[in-house]
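In what follows, a structure is listed as structure tokens, so that the remarks can point back to it.
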Ligand SMILES: C[S@@+](CC[C@H](N)C(=O)[O-])C[C@H]1O[C@@H](n2cnc3c(N)ncnc32)[C@H](O)[C@@H]1O
């Protein structure tokens, strides 16, 4: 139970205007290359760096000191770092270092630097010197950014699925949501944002996520992550096998109205999510009072997430027997599109991505006529008795010349084409799918369990 | 919210035909379900949502149909019976071949008392002769005579079509008829939330009105826009300005208080705003307080309206409501008259009144708010009426949107000096002058001053910027929207733009292409030479650079499509047809703060290797 003193609002829910020490930030190295980092105040030489903690990337080195207390979204220049002894100690590719550094930082973060954060002992910390080599951007954490940058411990639910799921299971400010299993926490972060309507004070009912995970290491990792992210008071994580143990917390009902099951066998967990004692329960249980984990006065919305159709069949069958209605099975297909300029033409420069063939019939005609003209000119000249000139190689002779006046070095500069159109505006704007698409994530089964109107 | 059907709630009735009827449940009225019959609204009020009801036949001495709650076991009986039959090693004799189909695609099956399918109608060859056995008239007649609302008819119909010997060996007493589409008078009551409403509007009403926005898109835009509860309400203190004071007495904008605000451009008639309000916890009237149990007394309120009307705009009658908070509610009241502590409600009950806020009081929360920028002089948010909010009503009963929805025109945002209501200083009058006026003139005076203070607050606070995100679904060119809204976004704020088709979004994305960005920072762009950092942030755009290409990061376009499946024993497959039309696309990016001065691109390149490594870390 994380009902400790009220900590600051999670950076996921309110990041404030600027980056802060000991708080999560997401570094965007390139469009799809994101890296989470817990920023640390410089407290002295760190891991061999005179500038304190440093993130190394292939875009350069970025001391935390250059990323602290800057507006979110800031472009950060790389720094010339003083590796001191460190350069000799490790000499791997900068890319690997970047990853290790980030995780190292996140793990160290809570043990030592939390205490040191306020000391602000800038003494002994070397001022970072800007490097001309590169830059990154620093973004506030959101579930979307976290989902693509989190340390994977399991398969995770990505934004195209969770955005749809949360909409369909009506996860809204004030909702109480049950989730199992927590896995890597991707869905957890998205769902806590959805149900958040303030941190509860003593005894207050506020939007909350009750999450369950039976894998011990994952449970501990998640627990720590949640508190690092300031979400401890909003997510109640329980270490439990929900097939056997169900969803009550300290014997009490979470009173949930939204449920998400990302488990291998949802039908094993479903009987626990009833309004009354399910029929299948053994007679030994009959003595004890049965408590439902659902909100007794609201319809409960569920989504189960299973990759295989056989799981769906069993889940749906169990739902039908347990009184769920409006059972609906969905699969989400998401595609990212890339835009680019399709540049086709004989008179374009030889940039990458330019297709130097005729842009249209007219351009082809012009060239062909040109070739013909040259050819005739050539033919009109006195020959040295070679008769099979008319066969074959029409293209071969004049082709070299025919690519026209704007070839290679005598073409327009990269900055401006002959037509005055800058190269980035040349050609037709097109969209195309990414090279590889996810064609199947999982099947989503939705259902609703109404309440009877008689208090349960 | 949405625990039980409240009086005057908007609901969706799902009919056996699969179609939906959206209407307001006024007490003491009759709801027509068309050919299925009529329901008395009072039988639905107070009942939980999502129950399926069956209209019973009228009792001889009653003039209404009672409702029976159909248990889920009955709703699923056919599927469960099929599953069980499929589970048996030997299918019951005749189960497969003694099947007929009846008229136009109804689905129903007849089971014997062991749960075997005797006749099934929906997916077997249609027996032409059988179809002619009963006329529609006969069906109607049978329907009327039966006690059991349609079931007997269907059973007879089915039997009359079935192989003869079965007919004899199979007595009506033993049959169990399950699930039909056409003749069983069942309906289900669903709440009007954003998901249900949008589905109905898209599939059955007018998809155009909401720009073909599918559920997938509503979810994506909300998440990528990071739209969520933006903090507890912060209200500014009433400046208590006297009527003799002018604009100098208006509250200044306090930037530090402005938090958790989203900027919106909405051409979906308010669906987008509703979806955002739902995500922020400011859509439902009873939000924040569990107002169950206080529904009873409102029942008696005089409500006269056509129970079948489907446009909320047509129905403005609502039960008596408590004192509105801080709206233009009392145009003929003196705002400064503290001598009227008791006001008579329309229900005749005296009501204790809070001191009325002064003209310059600002009713808007500084946090958790939605700011709508619109192109016409009034925003079109008519669909919000389904959630009890009428943006055009000057006399609005309490609603969370009143304090959390701000709207202004593009003119007010970009050229406020040209907007009369913003640029005309407020009227002033000494208390003595005021007292000498007729009440109507006084009312006007106060109304104008209130309006002035509010517009001024909205415009000034919007122009102060620092928004937490921008969300759009607009028919306007998104490039022009971004040109004027990017400067208003806080660093790191997300941008999420929905469009039914991809072209306009591709054009935006092209403004941020790598070649364009590279050219911009190369130092060889004459038009931006010598511009300050601030000027670049407010870059007005030209043909070569419609937008400052360094103001957004992570530009991306995506589309999502939900594919629906039928899950039945032995017959699980994707649906054969679904709604076509616009797929819907979402453009996403983050506002960034470019470093001042020249920044060279990437440094060291150990490229391929690192890239594949980091990608390998992400399981496919
Ligand atoms: C695919 S992962 C969930 C991923 C998660 N939804 C996310 O987005 O990160 C499934 C998790 O369920 C857990 N799990 C499996 N069976 C369980 C059970 N019976 N009780 C609790 N957790 C269980 C597994 O340990 C695993 O971590």
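Residue numbers (UniProt numbering), protein chains in the order written: chain A, 1 to 456; chain B, 1 to 620. Every residue, glycine too, gets a C-beta built ideally from N, C-alpha and C.
Straight-line measurement puts the Cα of residue 45/B at about 58 Å from the Cα of residue 136/A. A straight-line Cα-Cα distance of about 36 Å links residue 164/A and residue 64/A. Interface annotation, residue 62/A: not in contact with chain B, CB-CB separation never under 8 Å. Between residue 9/B and residue 22/B the beta-carbon gap is near 11 Å, outside 8 Å, which marks them as no contact. Among the residues of chain B, none has a CB under 9 Å from the CB of residue 181/A; the nearest is roughly 16 Å distant.
Taking a cut-off of 8 Å for Cβ pairs, the segment 201 to 221 of chain B and the segment 409 to 429 of chain B do not touch, as fewer than three such pairs fall below it.
Exclusion of residue 74/B from the 7 Å shell around ligand 1 follows from its C-beta lying no nearer than that to any non-hydrogen atom of the ligand.
CA-to-CA, the gap between residue 41/B and residue 234/B works out to about 40 Å. Nearest to residue 406/B by alpha-carbon distance, out of 398/B, 436/B, 374/B and 419/B, is 374/B. Contact note: residue 142/A reaches chain B through 226 and 494, using a C-beta cutoff of 8 Å and chain order.
Using a Cβ-Cβ cut-off of 9 Å, residue 342/A is close to nothing in chain B; its nearest Cβ partner there is about 12 Å away. Distance from the CA of residue 75/B to the CA of residue 569/B, rounded to the nearest whole angstrom, comes to 15 Å. Contact with chain B is absent for residue 47/A, since none of that chain's Cβ atoms lies less than 8 Å from the residue's Cβ. In the three-state scheme derived from DSSP, where H, G and I count as helix and E and B as strand, residue 362/A is classed as helix. The closest heavy atom of ligand 1 lies 7 Å or more from the beta carbon of residue 235/A. Note that the segment 553 to 560 of chain B touches the segment 586 to 594 of chain B; at least 3 beta-carbon pairs, one per stretch, sit closer than 8 Å. Of 202/A, 174/A, 148/A and 198/A, the smallest CA-CA separation from residue 187/A is found for 148/A. A straight-line Cα-Cα distance of about 6 Å links residue 422/B and residue 416/B. Taking the Cα positions, residue 533/B is about 33 Å away from residue 585/B. By the C-beta criterion, the segment 286 to 295 of chain A is judged not to be in contact with the segment 212 to 224 of chain A, since fewer than 3 inter-stretch pairs fall below 8 Å. In terms of CA proximity to residue 39/B, 27/B leads the group 486/B, 504/B and 27/B. Contact of residue 79/B with chain A by beta-carbon distance below 7 Å involves 320.
Taking C-beta atoms as the reference points, residue 230/B and residue 280/B count as a pair closer than 8 Å.
Proximity of residue 572/B to chain A, defined by a Cβ-Cβ separation below 8 Å, is satisfied.
Rounded to the nearest angstrom, the Cβ distance from residue 206/A to residue 174/A is 7 Å, consistent with a contact under 8 Å. One finds 337 and 431 in chain A with Cβ atoms closer than 7 Å to the Cβ of residue 502/B, taken in chain order. Identification of chain A residues near residue 491/B by a Cβ-Cβ cut-off of 7 Å yields 71, 72, 73 and 74, ordered along the chain. Identification of chain A residues near residue 513/B by a Cβ-Cβ cut-off of 8 Å yields 339, 340, 341 and 424, ordered along the chain.
Counting C-beta atoms within 10 angstroms of its own C-beta, residue 184/A has 16 or more neighbours from the protein chains shown and is therefore classed as buried. Judged by DSSP in its simplified three-state form, residue 379/B adopts coil rather than helix or strand. At the C-beta level, residue 49/B and residue 252/B stay beyond 8 Å of one another. Counting only runs of 4+ residues, the alpha helix (DSSP H) found wholly inside the segment 178 to 205 of chain A occupies 186 to 195, in chain order. Secondary structure at residue 39/A: coil, using DSSP grouped into helix, strand and coil. For residue 166/A, at least one C-beta of chain B is nearer than 8 Å to its own C-beta.
Here the distance from the Cβ of residue 180/A to the nearest heavy atom of ligand 1 is below 7 Å. Annotation: residue 502/B is outside any beta strand (DSSP E) and is labelled neither H nor E by DSSP.
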